[in-house]
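Trainee: Residue numbers (full-length UniProt numbering): 1 to 249.
#1: Give me the Cα-Cα distance between residue 109 and residue 131, rounded to the nearest whole angstrom.
#2: Contact criterion: CB-CB distance below 9 Å. Does residue 92 meet it with respect to chain C?
#3: Taking the alpha carbon of residue 166 as the reference point, which residue from 154, 81, 200, 125 has its own alpha carbon closest?
#4: Please tell me whether residue 140 and residue 115 are closer than 9 Å, where the distance is taken between their beta carbons.
#5: Below 9 Å between beta carbons: does that hold for residue 124 and residue 156?
#6: Apart from the five residues on each side of it in sequence, which residues of its chain come closer than 8 Å, Cβ to Cβ, to residue 60?
#7: For residue 141, name the three-state secondary structure that DSSP assigns.
#8: Roughly how many angstroms lie between the CA atoms of residue 236 and residue 225, to the nearest whole one?
#9: Classify residue 95: buried if its beta carbon has 16 or more other beta carbons within 10 angstroms, exposed otherwise.
#10: Around the Cβ of residue 158, are there at least 16 other Cβ atoms within 10 angstroms (buried) or fewer (exposed)?
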């Protein structure tokens, strides 16, 4: 179930937020899926799931994580440096993928990604593939954090803007300090008030929108409520809709 990977790069976004790039053998996966990382502690394996930030086809895996003081694994991950080893599951899993989003007449024209914190990872992976750009006329990434320094992968996001200037809209949301380039509301409040739609220059509705939400459970619950009020419904395999979600803990 486990294979040994070697850290080849660590990026520190701030004191707690970091990314690890790990050289390891992982089976082919779908953008948006996750793997598990683990270490042995006191003869007991401690494992946690992390979404893959890198797109399929890379010869490494990359994860975005935040070191939690009383976390069972994240402080150890934060201490890893290039050359250090970490155990990795060789097979990715999860259904937060574009494969789960309806196609054809039910698809709509606009794809919205709503993420908080490290949950932006799977959306970065998807945006680095061809699929969202081929399937949708507009792609919007709404990325909510507390402080501006918590926004990871801004250079990568800038590349998406440069590559797809007419197609991609990026809306950063920073709630605890001024951030001139973005909004300051919670994501659910921004949906309810229409601020996010106004910033994007697009409406959110059942006819034209597919929405994927990834982040903390409170945000997901409240965002779903706001979207349902706009006429969208949860996307299920047996009953296709417009809202696809994944809780990040």
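Note that CB positions come from ideal geometry on N, CA and C, so glycine has one too.
Mentor: So, to answer that:
#1: Rounded to the nearest angstrom, the two C-alpha atoms are 13 Å apart.
#2: Judged by its chain identifiers, the structure shown contains no chain C, having just a single protein chain.
#3: Residue 166 has its Cα closest to that of 200, out of 154, 81, 200, 125.
#4: No, the pair does not count as a contact, with Cβ atoms beyond the cut-off.
#5: By the CB criterion at 9 Å, residue 124 and residue 156 fall inside the cutoff.
#6: Hits under 8 Å: 8, 21, 22, 23, 24, 54.
#7: The three-state secondary structure of residue 141, taken from DSSP, is strand.
#8: Rounded to whole angstroms, residue 236 to residue 225 spans 16 Å at the Cα level.
#9: Classification for residue 95: exposed.
#10: By the 10 Å Cβ count, residue 158 comes out exposed.
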